[in-house]
Amino acid sequence: MGTAMLNGGVRVETTSKLDIRHEQPSVEQYLALRKEAGLSEMSVEGAAIGLPRSIFAVTLYEENNLIGMGRVIGDGGCFFQVTDIAVKPSHQGQGLGKLIIREIREFLNTVPDKAYVSLIADGEASKLYAQYGFESVMPRSQGMFLRR
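In the numbering used here, the protein residues as written are 2 to 149.
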């Protein structure tokens, strides 16, 4: 495995055929992977606005094809949200979700003390996130959303 810094300070790790990049995907790649991984649909407009505002992003590429991603969004000081964790179905079950969460967790170790980090876990994904220190907020709190 090798590590290199690209222009703009983007870290890239290369294994035999997997590139781990700390950069957001393109709008097209993002929307396609969300759809393929079964996540809710987002608009081109929303993705074009939101992706550059990521606080942290990790993307996994195999032969320059996006196969996994995850992002952290928030205000950069007090509140952070882990979102967009996705792995192509053809690559699931190979530990790539763990790799994405591990990269995100390393970033989260650098945020200010007492910052609130949240995420919404779909189905059995809560078991994965618990391995990295995330805890359920139920019954003290309940996650809610407003869809536009």
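Built from N, CA and C at the ideal position, the CB exists for glycine as well.
Only a predicted model underlies this, so the values are computations on that prediction, with no experimental measurement involved.
**In DSSP terms, what S119 is bridged to** = Along the sequence shown, one-based indexing puts residue 119 at 118. Paired residues: Q82.
**Asked** On the three-state DSSP scale, how would you describe A126?
**Response** Numbered from 1 along the sequence shown, position 125 holds the residue referred to as residue 126. Three-state DSSP puts A126 in a helix.
**Request:** Write down the C-beta distance between F81 and L40 rounded to the nearest angstrom, noting that I regard them as a contact closer than 8 Å.
**Result:** In the sequence shown, counting from the first residue as 1, residue 81 sits at position 80. In the sequence shown, counting from the first residue as 1, residue 40 sits at position 39. Actually they are not in contact, since the Cβ atoms of F81 and L40 sit about 19 Å apart, beyond 8 Å.
**Beta-carbon separation (whole angstroms), Q25 vs L52, contact threshold 8 Å** = Numbered from its first residue, the sequence shown carries residue 25 at position 24. Numbered from its first residue, the sequence shown carries residue 52 at position 51. Confirmed, Cβ separation roughly 5 Å.
**Message:** Does G75 come out as helix, strand or coil in the three-state DSSP assignment?
**Reply:** Position 74 of the sequence shown holds residue 75. Strand.
**Request:** Run the CB neighbour count on A58, radius 10 Å, all protein chains shown included, and call it buried at 16 or more, exposed below.
**Result:** Stepping through the sequence shown from its first residue, residue 58 is reached at position 57. With 16 or more Cβ atoms within 10 Å of its Cβ, A58 is classed as buried.
**Message:** Pull the bridge partners of E24 from the DSSP assignment, please.
**Reply:** Taking the sequence shown and counting its residues from 1, the one referred to as residue 24 is at position 23. DSSP lists no partner for E24.
**Prompt:** Candidates G75, A122, Y117 and M70: which alpha carbon is nearest L32's?
**Reply:** Position 31 of the sequence shown, counted from the start, is the residue given in the question as residue 32. Out of G75, A122, Y117 and M70, M70 has the C-alpha closest to the C-alpha of L32.
**Request:** Thinking A48 and V28 are a contact (beta carbons under 8 Å), I'd like their distance in whole angstroms, please.
**Result:** Translated into positions along the sequence shown, residue 48 becomes position 47. Translated into positions along the sequence shown, residue 28 becomes position 27. Contact flag correct, Cβ pair sits at about 5 Å.
**Asked** Using DSSP with H/G/I as helix, E/B as strand and the rest coil, what is G94?
**Response** One-based indexing of the sequence shown puts residue 94 at position 93. Of the three classes helix, strand and coil, the one that applies to G94 here is coil, per DSSP.
**Asked** Is it the case that the CB of L120 approaches a heavy atom of the ligand MN more closely than 6 Å?
**Response** Ligands in the displayed structure: none, and consequently the ligand MN is not present.
**Request:** Can you tell me the Cβ-Cβ gap for L120 and L97, rounded? I've got them flagged as a contact below 8 Å.
**Result:** Taking the first residue of the sequence shown as 1, we reach residue 120 at position 119. Taking the first residue of the sequence shown as 1, we reach residue 97 at position 96. That belief does not hold up - the Cβ atoms of L120 and L97 are roughly 17 Å apart, past 8 Å.
**Request:** Kindly identify the DSSP beta-bridge partner or partners of F57.
**Result:** Looking up residue 57 in the sequence shown gives position 56. BP columns for F57 point to V73.
**Asked** Applying the criterion that 16 or more other CB atoms from any shown protein chain within 10 Å of the CB defines a buried residue, is D114 buried or exposed?
**Response** Taking the sequence shown and counting its residues from 1, one reaches residue 114 at position 113. Classification of D114: exposed, given that the 10 Å Cβ count is below 16.
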